[in-house]
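Quick notes on the structure that follows.
There are 2 protein chains.
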Amino acid sequence: MFEHCLYFNTTSLARKVDRIWTRAFKPFGLTPSQAFMLRVVLAEGPITHTHLADRMNISKATCSRSVDGLQKLGLVDRKQTSADGRSFELVSTEKAQALNAELNETSAAVTKKLKHLVGNEAFETTVTNIKGINAAID
Amino acid sequence: MFEHCLYFNTTSLARKVDRIWTRAFKPFGLTPSQAFMLRVVLAEGPITHTHLADRMNISKATCSRSVDGLQKLGLVDRKQTSADGRSFELVSTEKAQALNAELNETSAAVTKKLKHLVGNEAFETTVTNIKGINAAID
DNA sequence: CGAAATTAGTTGCATAGCGAACTAAATGGA
DNA sequence: TCCATTTAGTTCGCTATGCAACTAATTTCG
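Chains A and Z are the protein sequences, given in the same order.
When we follow UniProt numbering, the leftmost residue of the first sequence carries the number 1, and every step to the right adds one.
When we follow UniProt numbering, the leftmost residue of the second sequence carries the number 1, and every step to the right adds one.
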């Protein structure tokens with residue numbers, strides 16, 4: 001019945017990959033959501049809440065609370081910018097920087113395993129297509 | 001940085017389509033999750049919790065609580081099977097059956113709009129590919 | 001300049017989701 | 001038969017997510 005439904009198939013796949021990356025990041029004490037948010041800050045920070053929320057395609061409410069979590073874990077800091085009294089710049093801590101390489105390797109290892117299961121070309125094509133739909137809608 | 005990441009792109013798209021279908025089903029007083037679960041019961045019921053959870057690729061815990069919600073809304077009932085004292089069969093109520101056609105039309109209308117934005121062929125191809133990855137992994 | 005509108009971020013309240021621990025029923029051997 | 005194992009479903013405690021309403025700072029413009 002839902003063979004051709006974007007919602008059904010996409011949310012199903014999202015749950016599946018979330019479970020897989022959850023196991024992968026468990027040794028770090030991080031959820032995939034936290035791990036990816038941290039990776040963005042590590043790779044692209046300093047970055048404001050608003051930009052981070054845009055980058056991850058989450059609401060600013062979710063962003064704010066996720067940053068609370070990472071800050072509690074000692075992985076990011078909120079630095080007041082001199083330019084604008086309303087906004088913060090998020091910066092990674094040394095503790096986070098020490099994890100950077102290993103986080104990237106862990107995610108790459110998961111990807112490699114999935115590519116093996118799915119087939120290299122099908123994997124690449126599909127991710128590209130998903131990215132395309134992401135860009136086209138909303 | 002995450003251009004080729006399955007997790008990043010899939011979860012992002014899932015959030016996006018969830019927001020879109022949330023707006024679409026709002027007039028029914030249903031979340032997309034509830035609406036799709038109900039549609040499965042309408043189309044494929046009577047069905048047990050276990051089969052429904054498999055069909056939707058959710059845990060039985062989530063399934064159980066989602067069914068609570070639909071039951072509270074008067075849209076499904078849990079019928080004790082005579083065969084097995086542990087399990088229920090989920091059946092749609094008349095109230096739910098009265099919504100069936102309109103739910104299907106609403107989802108079809110959203111799909112049509114998205115196909116227009118994305119392009120028919122790209123849409124179909126991508127959903128098929130997503131379905132393929134869903135089947136290949138885990 | 002100063003009031004109105006916009007923008008950045010937080011908080012309240014809700015649903016969706018998972019794993020783990022649990023209860024109760026059914027099944028499978030010895 | 002009866003105990004051990006499996007299976008169906010629920011409950012607990014947690015994170016992720018969104019919208020709406022809020023505060024505070026900044027910007028716009030008459």
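Cβ atoms here follow ideal geometry from the backbone N, Cα and C, with glycine treated the same way.
Does Asn-54/Z have its Cβ less than 8 Å from a Cβ in chain A? Checking the sequence, you will find Asp at residue 54/Z rather than Asn. Output row for Asp-54/Z: interface = no.
Compare the C-beta of Arg-15/A with all C-beta atoms of chain Z and state if any pair is closer than 8 Å. yes
Answer yes or no: does any C-beta atom of chain Z fall closer than 8 Å to that of Asn-9/A? yes
Please specify which runs of the alpha helix (DSSP H), each continuous and at least 4 residues long, are wholly inside the UniProt domain "HTH marR-type" (3–135) of chain A, giving them in chain order. 6–25, 32–44, 49–56, 60–72 and 94–118
Quick one: which chain A residues come within Cβ less than 9 Å of Pro-32/Z? Tyr-7 and Thr-11
Beta carbon proximity, Leu-117/A to chain Z, threshold 8 Å: So yes, Leu-117/A belongs to the interface.
Please list, in chain order, the chain A residues whose beta carbon lies closer than 9 Å to that of Glu-3/Z. Val-127, Thr-128 and Lys-131
Closer than 8 Å, CB to CB, is Asp-138/A near chain Z or not? yes
Is it true that the CB of Ser-107/Z sits closer than 8 Å to the CB of Ser-66/Z? no
Determine whether the beta carbon atoms of Asn-57/A and Arg-15/Z lie at a separation below 8 Å. yes
Would you mind sorting Thr-81/A into buried or exposed? The rule is 16 or more other CB atoms within 10 Å of its CB. exposed
Does the Cβ of Arg-23/A have 16 or more other Cβ atoms within 10 Å, making it buried, or fewer, making it exposed? exposed
At a Cβ threshold of 8 Å, is Ala-83/A touching chain Z? no
Under 8 Å between C-beta atoms of Leu-42/A and Ala-96/A: yes
Residue of Leu-70/A, Asp-68/A and His-49/A minimising C-alpha distance to Lys-60/A: His-49/A
Nonlocal neighbours in the same chain, by C-beta distance under 8 Å from Ile-47/Z, ignoring five residues either side: Taken in chain order, the residues that qualify are Val-40, Val-41, Arg-55, Glu-89 and Leu-90.
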